[in-house]
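Take a look at the structure below.
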Amino acid sequence: MNIVRKLGLATGLLALMSTSAIAEGSLWFGLSAEPSSLDTVVQPGTAARTVKLAIHRGLVNYGIDGKISPELAESYEISEDARTYTFHLRDAKFHDGSPVTAADVKATFEHILDPNGKAAFRNELSIIDAVETPDDKTVVLKLSTPSVALIGYLALPESVIVPAAWLAENKDNPTATPIGAGPFTFGEWTRGQEIVLEKFDDYYKEGKPALDEIHFVFYGDENTRVNALKSGDVDIIDYVPAKDAEALKAGPGTELISTYGPFMGLQFNTKFEPFSKPEVRQAIAYAVDRSAIINTAFNGIGAPIWGLAIPEGYMGYSEAKKDYFSHDIEKARELMAKAGYPDGFEARLLASSQYSFHQNTAVAVQSELAKIGIRLTLDLPDWATRMSKAGNADYDFAVLGSLGEIADPDWLTNYYYGGDKLVRTNNSPYFDDPEINGLLDKGRATVDPVARAEVYDQFVDRALELSPIVYFMWRQQDYAVREGVTGFTNLPGFLTFQSGYSLENTKVED
Amino acid sequence: MAGHDVLKIEDLSISFRTEGTLRSAIRNASLTLRSGEILGLVGESGSGKTILSLAAMGLLPPNAMVTGGRVMFEGTDLLRAGASALRRLRGKRISMIFQDPMASLDPIFTCGDQIVEAILLHEKLGRRGATARALALLEKVRMPDPPRIMGSYPHELSGGQCQRVMIAMAVACNPDVIIADEPTTALDVTVQKQVLTLLRELNAEIGAAVLLITHDLGVIHEVADRVAVIYHGDMMEEARTAQIFSAPKSAYTRALIASMPSMSPPRTRLPVIERDAKGEIVSVVKPSATVRAAPAVTGGATLLELRGLTKTYTLQATPLSAGREVRAVDDVSLAIPARSTLGLVGESGCGKSTLSRLVMRLIEPDSGDILIEGQNLAGLDVAAMRQARRDMALVFQNPYGSLNPRETVRDLIAAPVDIHRGGKDRDAIVARLLDAVGLPKEAAGKYPHEFSGGQRQRIVIARALALQPRLVICDEAVSALDVSVQAQVLNLLHDLQAEFDLTYLFISHDMSVVRHVSDSIAVMQKGRIVESGPAEEVFERPRNPYTRTLLDAVPQVGTMQPAAAEA
Amino acid sequence: MQNIGAFGFAIGSRLVTAIVQLWVIATLVFSLMYIMPGDPVLMLLGPDSNPTPEAIAATRAQLGLDQPVLSQYVKWLGGAMQGNLGTSLDGYPVAQYIGNGVFKTLELAFAAILVASLIGVPLGIAAALNRGRFLDGLLTSVATLGISVPVYILGSLLILGLSLKLGWLPASGYTNMSRSVAMHFEKLILPAITLGFGLAASIARMTRSSMLEILGKDFVRSLRARGMSERRIVWRHVLRNAAIPIVTIIGLQLGNLMGGTVLVEALFNWPGLSTLLVTAVSNRNYPLVQGAILTIAALFILINLCVDLFYTLLDPRIRRKRA
Amino acid sequence: MRLSGLLRRPLVLASLCVIFGIVVVAMIGPWIAPWDPLALDQNNVNQGSSSAHLLGTDEFGRDILSRLLVGIRPTVVVALVSTTIAALLGTALGIVGGYGNRTVGFFIMRGVDIMLSFPAILLALLAVGFWQSGVLSLSIVIGIIFIPQFARVAQSATLQVLGQEFVEAEHAMGARYTRVIFRAILPNILAPLVVQATLTIAAAILLESGLSFLGLGIVPPEPSWGQMIGTARGYMSQNPMYVVWPSLCLAMTVLAVNILGDALRDHLDPRLRNA
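Chains as they are written, first to last, in the UniProt record's numbering: chain A, 1 to 510; chain B, 1 to 567; chain C, 1 to 323; chain D, 1 to 275.
See the structure below:
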């Protein structure tokens, strides 16, 4: 009896309180996953980056306009030979109250470059030969090889600066409370449920941040995430499923913040026939109707790619080559015949059932390739298995959904470079073309933008010719917010996953 | 003890609705209950006696339909009275005692609670008053330590104690009518005696009219003032008890009395009830089907000998309680001469069934020897034991449970042949055995549920004889049967012993049956054999006090019974 | 009393059995995890980050994953026996994760059982008392329907209707009691109803059949013969007798819920044990998976033990067996 | 076991019709489907009912009716195969657990307890995780999951049968264990097993759909009902009927099987029949 009355009471109460329960100045952020780690130097995914960028700042970061924005460094210079970077630090404070000094920067980079460490971008940053600290507010990086791309890697969330003292104590303690110089301090992490951040009053940007606290709540299921936003359980969500984009855009009560960032495509295991043959890969590029994928797997949202996945405005983008391929079944058949497969073949396509856009792309590709006689078996394990298979090149070809890490054209290295590590997550395994390797090396070291652009033009020609990766489309990457949430910016292009940066500008109105 | 008429059943007819048709259960039955008198209603199973009693309480099941007549109690027709009127009568003016006392009590209330509740249902005494009355009642039904009983749950009492609690509740409100439906059937014979005596005394005290329903003529003889006999839904006759037994009017009653084992000399064929050519009920003693002289009983070699057989069980009441040891069979030694019958008697739980299983090693004995013609079964390995079992057969109490319901009679009877001889000549053997036990050939293709209890017991016996065993163990083989059927089966066993040279270990709780069939007797109590010897000697001159108690408790019928004559 | 000693012994032996049971489960899970494809280190470092082989090796060593499986097993088992479930791959104690999830799962399970009992028991009683009549048919059909509709369909419909269309209740998540009591219970309602509905159906069926069984017992007839009213018979005697199996089935269902909330937790983003476990499996967070499954199994066993004890207390036939 | 009485109940008859229909469609589904269930139509995604597509199209423009018709087969196959596996192994374990010697029985039943304390869907989660999901592996996993229930039912029925005298009679006649099992025990525990089988079929269908819903079931693009429901859940606002059709089919099937199981149980349980 008692219980019944209690329940009735609760029901009555909630009718009164269902709209106004959220405290003022708090943002509830529905994250697509729980970060597996907040260790600054590793890159476990978008969710972790979003939280990291609320807590930390680097010397530079990508700003809301997609350009490099000076952060802890007030300004910086790159020498003519692209071998020396000089940073001038501003007066900023860490969350523990200590000032950000050159020593902290030096300690941070030493930590990243530690050969036994697990820094995600150690390879890319390992051209840093020495970190010099002429004074407390100046940091000089000396490079072993010239690189203009380095600044892009320094802007990543994995290159943020942490206090030297904190590092000394907590380098190997994954559970230490994170300390950074960003807009929010770490509050509490209820494992399996949420991470709470609180406003950092001594943040170096005047008047920022606007929010008192942020609750990152983990919503693994995309439909639940969308429902949570619709019903007001959260104020903002990431990874809006394509099928819901339209409805959330139309509202009422919700808005969509979109950008074309990631691309979808195919990566091929080039060790074996038939995918070792460029003709086959090209045939596939001709055979797949991009609109079929966009209309079915992505609910009509997305932009087709008929060439390479280089965003307009990025170095390497070529107006002339952007429609290199076309939907041309005849041509595809010719190429197949030329490669020695006039009747097609059987193959295994690896994707993952854990992410609908991967699975749906695979389903659409299966249907499209059937038209030129390629009969596919879909391999749709969970994400961990998919990644482990990718890491062992245990597939014929695979659905690729990714983006460039940085806005500098050097991102292409990860996708096309051969060299000594031929099996990587994002390349086509065993693809190793000396010409492409040479062009990528040259591009990185070329300081003059015009000359550099030329190098990448040559790269585009060669990459299209060999087509180790076939691109289908730009995926629209969306955040959706409730009405009244302002100031959150979806960073353009490849930088979309670093949009957590803009949390410093985000406001919630009642 | 003349009283006034209290409850009158007049011309009552009841039918059952079953799948669209009406099946008549009782036809034009009339009975009158008088105050201070015990009216016995006797009949075999299916005779409609229980339905009659339920009708008298207005408790007929929903599918029963009264097609005529009435049940009058103080000017009200109970069959047409409203629910609340009936409720006021039940328990207060008319009360009832059922067959299974343990099941008739709510298991999760203490006996005290239940008696108090029964009192408070009809009398405004207050809880304290009702409790006092309950204690007085328990005293009255001669329960030891009434306060303890008040706080006990039904499962903590014995069957006899439960029945006393039921009786206490039945007499709680000094009812005018008490209906007792087989009140002692589930009880041991010694307890039965006590309960019947109690019932009789209480009745004398409160002067109620008692309707005592039973299948047991002995019980009737013991306590009833008048007797009504019912057969297949028809009242056969009604008379004073003495008259029924000395000069029964109806042929059925006569036949029924005649088929009681205690009415015939031991080790003879019993008269059976049959309908003659004109459809009249007659009691006949038919000659044995096989003409062969009865074997010499004495002087035969020993077929089975048990030496120091012992079996101890660990009982665990619930999965959460510790076990305790129980000696089910305690150092039992016995010998049975070939072609003779040893009767093993004892009350429920004395270990006689365990003993029967031990002999066949269906249960492994802890110690002791089982010698059949000198071969010790106790030492045999599994395969040899399996072989040894072809010389022994077991006939169980419950003819409904001992036949696999999913097999035809042919497969059932041929089972031993299949097991030991690979099915050789099975059809011929089945035909011969069916004939031997008096079943038609067509029976072979049918399933057990198509037969009556007596017929099933014949099938069981046929199966037991399939391989011509030396020893047949009958474990309460006739206990579940009506007297008339029991007579047939006993006759059959008798005939077969002669025909097949069988040796019987005949286990029963029924003294008169054992007396009738046995050459020698063993009396078992708490796992031990307390007395054994030739049948006559044990029955006529019991040495053990327990044997004497047992014999005293047996309801005696008529004057032809030798034991009764002496008593 | 000697009974108490026996009782204690029985409990003790049950606990020993439970521990052996848990050990077998732990071993099973342990071996299962090691034949599963997928690399925990890769998931931890982030597959997109192209970790260098040295980084992978370093992490592997740091996590102790480079040691032979057997020694990992022994080490883990040794810890588990001292109540230490080890460290999750991200460095946090497994116990901390589980502590967070277990109470949420328990809360949801209890709420669901409450809902289910409040709906199921009265329905079952009503059906039994009207056996063979229209109401019985209707209630039985509804109960069968309740068992036949998958929880995720029901849950989706409830979210769509009550939450998204009408806006009466939140669609998902969990709010700590300390933050807002009202919100806490608001968020409990939909998952509890979703989970409880199917259970209500089976509780109703169980209630009905055990009521019917008791109604057919001899003592009910003798109560009638004693002139007791039907209402008193049903509410005082039949229901109390029937309560024993009903309470048992409710208890067993509670036990089953320990691992049976997966779909509902996923649907409502309820941060309980199942959500934790699913995430841990997809991240190949072995220690966490082991800890979570072990906890679920332990809870299951514990609840079953409690049900047995409760059963013993409820039924005088078992409670007061003479020694 | 007279079943004619069963057929007189309209609900049971209807259930039998539904089940019969489903089995027939499972066999001939691909031939009566109006469209290729895998054919994408990028210009007709998420359409409502029309004359061309009676039940509309899904997110790939595939015909929902055709997918429903073809999707029966994996559903039925998984349900039947897993139930068969569970029934065979579970019954064997149960009989040995009940009839076998005490030690063996003890270990078997404790093993069954362990399996029971291992939450079903989690077991599936783990198993499907390292096995490729497919009709066969799914059937095996689900089959294993339901073994303990069968073992419990078989064991308790066996114990009940063992308490009857005809089993003792078999022993008394010197019958071998195999004969006792196959002649005396098995035929007499069939009734509760049949009931358990129908309930398991229903439960297996639900579990398969739940796993498919979690993305662990039948591999796309091959349709199965659970997987369709799981996908359709995301399109509830755009194409509400998409989720309705497979849900209806699934609920109706499970309902029919459950009703049949209930009826069988009532019918086979003499206590309920005669009360």
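Ideal Cβ positions, reconstructed from N, Cα and C, are used throughout, including at glycine.
Query                                                                                                                                                                                     : Result
Just verifying my parser: in three-state terms, what is the DSSP assignment at A/Val148?                                                                                                  : coil
I'd like to know if A/Thr296 contacts chain D, where contact means its C-beta is closer than 7 Å to some C-beta of that chain.                                                            : yes
Apart from the five residues on each side of it in sequence, which residues of its chain come closer than 8 Å, Cβ to Cβ, to C/Pro40?                                                      : Leu63, Leu65, Leu89, Asn283, Arg284, Asn285 and Tyr286
Taking C-alpha atoms, which residue in A/Met336, A/Thr86, A/Val455 and A/Ser499 lies nearest to A/Ile374?                                                                                 : A/Met336
To the nearest angstrom, how far is the alpha carbon of B/Asn28 from that of B/Glu10?                                                                                                     : 8 Å
Based on the DSSP secondary-structure assignment, which residues constitute the bridge partners of A/Trp474?                                                                              : A/Phe263 and A/Ala303
Is residue 610 of chain B helix, strand or coil by DSSP?                                                                                                                                  : Any property of residue 610 of chain B remains undetermined from this structure, which presents chain B solely from 1 to 567.
Tell me the start and end of each unbroken alpha helix (DSSP H) in the stretch 248-286 of chain C that is at least 4 residues and wholly inside, in chain order.                          : 262-268 and 273-282
Between D/Pro74 and chain C, is there a C-beta pair that is closer than 7 Å?                                                                                                              : no
For chain D, is any of its Cβ atoms less than 7 Å away from the one on C/Gln290?                                                                                                          : no
Looking at the C-beta of A/Val508, does it have a partner C-beta in chain C at a distance below 7 Å?                                                                                      : no
Starting from B/Lys92, find everything on chain C with Cβ-Cβ shorter than 7 Å and list it in chain order.                                                                                 : Gly227
On the DSSP letters alone, give me the boundaries of the alpha helix (DSSP H) that C/Trp168 sits inside.                                                                                  : Here C/Trp168 belongs to no alpha helix (DSSP H), and DSSP marks it neither H nor E.
Residues in the same chain with beta-carbon distance under 7 Å from A/Phe275, minus the five sequence neighbours each way, listed in chain order, please.                                 : Phe268, Asn269, Arg281, Asp396 and Phe397
For the beta strand (DSSP E) holding B/Met96, just list the boundary residues, first then last.                                                                                           : Ile94 to Ile97
Per the contact definition of three or more C-beta pairs closer than 8 Å, is the stretch 170-183 of chain D in contact with the stretch 39-55 of chain D?                                 : no
Between the stretch 219-233 of chain A and chain E, which residues of the former have CB atoms less than 7 Å from a CB of the latter, in chain order?                                     : This model lacks chain E altogether; the protein chains it does include are A, B, C and D.
I want to see whether chain D comes within less than 7 Å of A/Ala245, judged by CB atoms only; does it?                                                                                   : no
Give the DSSP bridge partners of A/Glu255, in chain order.                                                                                                                                : A/Val481
With 7 Å set as the bound, which would you pick, yes or no: does the beta-carbon of A/Gly391 sit closer than that to a beta-carbon of chain C?                                            : yes
B/Leu86: buried (16+ other C-beta within 10 angstroms of its C-beta) or exposed?                                                                                                          : buried
Residues of chain C with CB under 9 Å from residue 580 of chain B, in chain order?                                                                                                        : Limits of chain B in this structure are 1 at one end and 567 at the other, which puts residue 580 of chain B out of reach.
Give every residue of the same chain whose Cβ lies closer than 6 Å to the Cβ of A/Val148, excluding the five residues on either side of it in the sequence, and list them in chain order. : Ala82 and Val447
With distances taken between CB atoms, is the gap from C/Glu265 to C/Thr279 smaller than 7 Å?                                                                                             : no
Would you say D/Phe60 lies against chain A (beta-carbon separation less than 7 Å)?                                                                                                        : yes
Note the first and the last residue of the continuous beta strand (DSSP E) segment covering B/Gly343.                                                                                     : Thr341 to Val345
Could you tell me which of B/Gly308, B/Tyr400, B/Tyr313 and B/Ser53 sits nearest to B/Ala477, measuring between CA atoms?                                                                 : B/Tyr400
So which residues on chain A does C/Tyr174 lean against when the C-beta distance must stay under 7 Å?                                                                                     : Gln193
Is any heavy atom in the ligand SAH found nearer than 6 Å to the beta carbon of B/Ala85?                                                                                                  : Questions concerning the ligand SAH fall outside what the structure shown contains, since it holds no ligand whatsoever.
Confirm, please, whether the CB-CB distance from D/Leu80 to D/Leu33 is below 7 Å.                                                                                                         : It should be pointed out that residue 33 of chain D corresponds to Ala in this sequence rather than to Leu. No, Cβ-Cβ distance for D/Ala33 and D/Leu80 is not below 7 Å.
For the beta strand (DSSP E) that contains B/Val227, what are its first and last residues?                                                                                                : Arg226 to Tyr231
Cutting at 7 Å between CB atoms, please list the residues of its own chain near A/Ala21, excluding the five before and the five after it.                                                 : Because the pLDDT of A/Ala21 is 42, which lies under 50, any placement of that residue in the model is unreliable, and the number read from its coordinates should be weighed accordingly. Cβ within range, chain order: n/a, list empty.
Can you tell me whether DSSP reads C/Gln72 as helix, strand or coil?                                                                                                                      : helix
Within the 7 Å Cβ cut-off, does B/Ile429 reach chain C?                                                                                                                                   : no
By how many angstroms is the C-alpha of D/Gly174 removed from the C-alpha of B/Leu412?                                                                                                    : 14 Å
Quickly, what does DSSP pair B/Cys474 with across the bridge? List them, please.                                                                                                          : B/Val395 and B/Phe506
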